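Chemist:
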Amino acid sequence: MTNDQIKQAILQIISVIAPDEDLSHLKGDVALREQLELDSMDFLDIVMELRKRYKVEVPEADYGHLASLDSCVTYLAPKLKDK
Amino acid sequence: MSSGHYDAIIIGAGMSGLAAAIRLAYFDKKVCVLERHYAAGGLNSFYALGGHQFDVGLHAMTNYVPPGTRGAPLTKIYRQLRLKPEDFGLAPQYRSEVRFPGVTLRFTNDFDFFAREVGERFPAQKDNFSRLLQHIRDYDELDLDAKPLSGRQVVSRFLTDPLLIDMLFCPLMIYGNAAEHDMEFGQFVVMFKSIFCEGLARPREGVRRIITALRRKVREVGGTVRMKCGVRSLHIDGGRVKAVELDGGETLTADTIFSSAGYVETMRLCSDSDPERFSGLAGRMSFVEIIHVLDKPMKALGHDTTIIFYNTGKEFHYEVPADLVDPRSGVICCPDNFHYDKPLAKSMIRLTCMANFDRWASLDEPVYRQAKTEWLPRIHQEVLKFVPDFRDHIRFTDFFTPRTIKHWTGHVNGAVYGAPDKMKTGRTHLENLFICGNDQGFLGIVGAMLSGISMANLHVLKKT
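Chains as they are written, first to last, in my numbering: chain A, 497 to 579; chain B, -9 to 454.
#1: Look at the alpha carbon of Met(-9)(B) and the alpha carbon of Val211(B), and state the distance between them as a whole number of angstroms.
#2: Beta-carbon separation of His329(B) and Ala81(B) under 8 Å?
#3: Under 8 Å between the Cβ atoms of Ser441(B) and Ser146(B)?
#4: Give me the chain B residues within the contact set of Lys548(A), using Cβ-Cβ distance strictly less than 7 Å, ordered along the chain.
#5: Kindly list, in the order they appear in chain B, the residues whose Cβ is closer than 8 Å to that of Asp558(A).
#6: Return the first residue and the last residue of the beta strand (DSSP E) that Pro193(B) is part of.
#7: Could you name the residues of the region 40 to 66 of chain B whose beta carbon sits closer than 7 Å to any beta carbon of chain A, in the order they occur along the chain?
#8: Use the C-beta contact count for Pro574(A): other C-beta atoms within 10 angstroms, 16 or more gives buried, fewer gives exposed.
#9: Val373(B) lies in the alpha helix (DSSP H); which residues open and close that run?
#10: For Leu64(B), write down the residues that DSSP places opposite it in a beta bridge.
#11: Would you mind sorting Gln143(B) into buried or exposed? The rule is 16 or more other CB atoms within 10 Å of its CB.
#12: Would you mind reading off the limits of the alpha helix (DSSP H) that contains Thr570(A)?
#13: Going along chain B, which residues have a C-beta under 9 Å from Glu530(A)?
#14: Do Met338(B) and Ile281(B) have their beta-carbon atoms positioned less than 8 Å apart in this structure?
#15: Could you give the C-beta distance for Asp379(B) and Cys343(B), rounded to a whole number, given that I count them as a contact under 8 Å?
#16: Give me the Cα-Cα distance between Gly431(B) and Leu132(B), rounded to the nearest whole angstrom.
#17: For a contact defined as C-beta to C-beta under 8 Å, what are the partners of Asn447(B) on chain A?
#18: Got a sec, what are the start and stop residues for the alpha helix (DSSP H) Asp245(B) sits in?
#19: Could you name the residues of the same chain whose beta carbon sits closer than 7 Å to that of Ser276(B), not counting the 5 residues immediately before and after it, in chain order?
#20: Within 8 Å (strictly less), CB to CB, does Arg206(B) reach chain A?
#21: Any beta-carbon of chain A closer than 8 Å to the one on Met(-9)(B)?
#22: With a 10 Å radius around its C-beta and 16 neighbouring C-beta atoms as the bar for buried, classify Ala308(B) as buried or exposed.
#23: I need the straight-line Cα distance from Ile67(B) to Met439(B), nearest angstrom please.
#24: When you check each C-beta in the region 499 to 521 of chain A against every C-beta of chain B, which residues fall closer than 8 Å?
#25: At a Cβ threshold of 8 Å, is Met497(A) touching chain B?
#26: With DSSP as the reference, label Leu134(B) as helix, strand or coil.
#27: Give a yes or no on contact between the region 241 to 253 of chain B and the region 410 to 429 of chain B, applying the rule of three or more CB pairs nearer than 8 Å.
#28: Can you tell me which residues form a DSSP beta bridge with Asn301(B)?
#29: Taking only beta-carbon atoms, is Gln70(B) less than 8 Å away from chain A?
#30: Are the CB atoms of Pro193(B) and Gly79(B) within a distance shorter than 8 Å?
#31: Can you tell me where the alpha helix (DSSP H) holding Gln430(B) begins and where it ends?
#32: Could you tell me the alpha carbon to alpha carbon distance between Ile435(B) and Met497(A), rounded to whole angstroms?
#33: Taking all protein chains shown into account, decide if Glu364(B) is buried (16 or more other Cβ within 10 angstroms of its Cβ) or exposed.
#34: Go ahead and label Gly273(B) buried or exposed: buried means 16 or more other beta carbons lie within 10 angstroms of its beta carbon, across all protein chains shown.
#35: Measure the beta-carbon distance from Arg385(B) to Leu291(B) and round it to whole angstroms, keeping in mind my assumption that it falls under 8 Å.
#36: In three-state DSSP terms, what is Pro82(B)?
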């Protein structure tokens, strides 16, 4: 997957998890929690959706890498490059 | 399916069991829900009698917030179960009341209305009440490791008027307290937020709407629900549940078992348990409820209040009564009095009082029926102090007791809020058996769903 495809995949997952949030003006380099109402249950679901859709594993120690859209893409790029 | 092995088996197709099933099946776990009864919903199920459909437990759903309200438990539920507000079709209440001798506190789904009401009725407590509100807002009631505190003791540090204290505890206890006399402070906060800060609502179709939405979702995500499938025992070996034996003798296996049957009820299923060991742990709070179908809505008689929590005695007593019923306090629910898009097909009124399971259960059938006949006018006598006389408008009556509740749900003592000591983490002495529902700790329809969701997240989804 290209970086842009990964970004779209994350946005798709967030729209499934939090359909009532407005994702149109999200800044890539700002923490998601500062721009959206996402709590730890929602972050667990991001991880679970990544596993469900792309068979990618994110260990609990790496959850911090999912803080912003940009950091998600950076972290997931090597894991998703063949998908 | 042929091997009968699952990732998870869930005992009970009530609100917590169905919610846990949705979470697990959505994330591709092979899930089977086992329900003893022919209807889903458990303590919040529905039934038909005399050509009318009734809800077992639903007066109103607590925790109501308008769609899109961020951070609220109901919004969390929609998200976690991948549901939309339209799935539940919740209509907000008109206005409810707490009525004690000489004082009425009204409340709506707008918290500021209630705060002003308290300030007007108890001006000397206004600042105390503000400080209590701040403490409630700062308190993390979802902390599963928090130390239990006495609700009455904590609240008494802020409020100095015993009448106001009782008037606050009355609705919060009746709608969500498993213990007698006092209430754990964390639970006080949960109920305070769910009733006063958030609000009350009801689907026009009653609880059936919610159960249908949950069951549809379970199917959509590939979970299985088996009705009329009671569990006879759990085979234990090496600290684990090795097999689930059904009433008919069939056995199923699963990596993990969640039980919403109640802690004591579940322990009695375990082959390694001495059933008597657990008897003292069961909850005891149960109720009688009279449901009248009316030929016109209470609104037509001039009554547009949604729920009334009343107390006619000097103090408020939240305890198992010595007698069959304690008529001094209770709930009057008018299901018509919500903001539906069209009126209810059938008007009703529901009258609820605390009741003694052991006394009702000990009555032979004819004495049982006679007791209902005697108690109906006694309950009416108290209730008619608060609502217009509806008796000439009664078309049909059902009267259920703690014995009825136990019969249909299997919950010991017909307890509607589970045991007083909650198992917040859901863990049992067995590695792969977890409790969800009332005995885990979150109460009410929203609470039960959150319980199933939390336990599924904690014990299966986070771990794989």
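Backbone N, C-alpha and C fix where the C-beta goes; we use that ideal spot for every residue, glycine too. All values reported here derive from a predicted model rather than from experimental measurement.
Modeler: With the given structure in hand:
#1: Bear in mind that the predicted position of Met(-9)(B) carries a pLDDT of just 40, short of 50, making it unreliable; the figure below should be weighed with that in mind. Near 16 Å, if we compare the C-alpha coordinates of Val211(B) and Met(-9)(B).
#2: The Cβ-Cβ distance between His329(B) and Ala81(B) falls below 8 Å.
#3: No Cβ-Cβ contact shorter than 8 Å links Ser441(B) with Ser146(B).
#4: Per Cβ cutoff of 7 Å: Phe17, Asp18.
#5: In chain order: nothing, as chain B lies at least about 14 Å away.
#6: Where Pro193(B) is concerned, the enclosing beta strand (DSSP E) stretches over 191 to 193.
#7: Residues of the region 40 to 66 of chain B with a Cβ closer than 7 Å to any Cβ of chain A, in chain order: Gly58, Arg60, Gly61, Lys66.
#8: Residue burial annotation: Pro574(A) is exposed, with fewer than 16 other C-beta atoms found within 10 angstroms of its C-beta.
#9: Bounds of the alpha helix (DSSP H) holding Val373(B) are 355 to 373.
#10: Leu64(B) is not bridged to any residue.
#11: Looking at its Cβ environment, which holds fewer than 16 other Cβ atoms inside 10 Å, Gln143(B) is exposed.
#12: Counting along the chain, the alpha helix (DSSP H) containing Thr570(A) begins and ends at 565 to 576.
#13: Under the 9 Å cutoff, chain B gives no residues; its nearest Cβ is about 13 Å from Glu530(A).
#14: Note that the C-beta distance between Ile281(B) and Met338(B) is below 8 Å.
#15: Cβ atoms of Asp379(B) and Cys343(B) stay farther apart than 8 Å, at about 19 Å.
#16: Their Cα atoms are separated by approximately 10 Å.
#17: Chain A residues near Asn447(B): Met537, Leu540.
#18: Premise fails: Asp245(B) lies in the beta strand (DSSP E), 241 to 249, not in any alpha helix (DSSP H).
#19: So the list reads Ala345, Phe347, Pro392, Ile395, Asn403, Gly404, Ala405, Val406, once near-sequence residues are dropped.
#20: Arg206(B) does not count as touching chain A.
#21: The pLDDT assigned to Met(-9)(B) is 40, lower than 50, so where the model puts this residue is not dependable, and the model offers no usable value.
#22: What sits at residue 308(B) in the sequence shown is Tyr, not Ala. The residue is buried, with at least 16 neighbouring Cβ atoms inside 10 Å.
#23: Our two residues, Ile67(B) and Met439(B), have alpha carbons roughly 7 Å apart in a direct line.
#24: Listed in chain order, the positions of the region 499 to 521 of chain A with a beta carbon within less than 8 Å of a beta carbon of chain B are Val512, Ile513, Ala514, Pro515, Asp516.
#25: Met497(A) does not count as touching chain B.
#26: Looking at Leu134(B) - three-state DSSP - the assignment turns out to be coil, as it is neither helix nor strand.
#27: Because the criterion of three Cβ pairs below 8 Å is met, the region 241 to 253 of chain B and the region 410 to 429 of chain B touch.
#28: Paired residue(s): Ser319(B).
#29: At a cut-off of 8 Å, the C-beta of Gln70(B) has a neighbouring C-beta in chain A.
#30: Cβ distance < 8 Å, so Gly79(B) and Pro193(B) count as in contact.
#31: DSSP places Gln430(B) outside any alpha helix (DSSP H), giving it a letter other than H or E.
#32: Each residue's Cα considered, the two are about 42 Å apart.
#33: Per the 10 Å Cβ criterion, exposed.
#34: So Gly273(B) counts as buried.
#35: Cβ-Cβ separation between Arg385(B) and Leu291(B): approximately 14 Å, too far for a contact (criterion under 8 Å).
#36: In the structure shown, Pro82(B) sits in a strand (DSSP, three-state: E or B).
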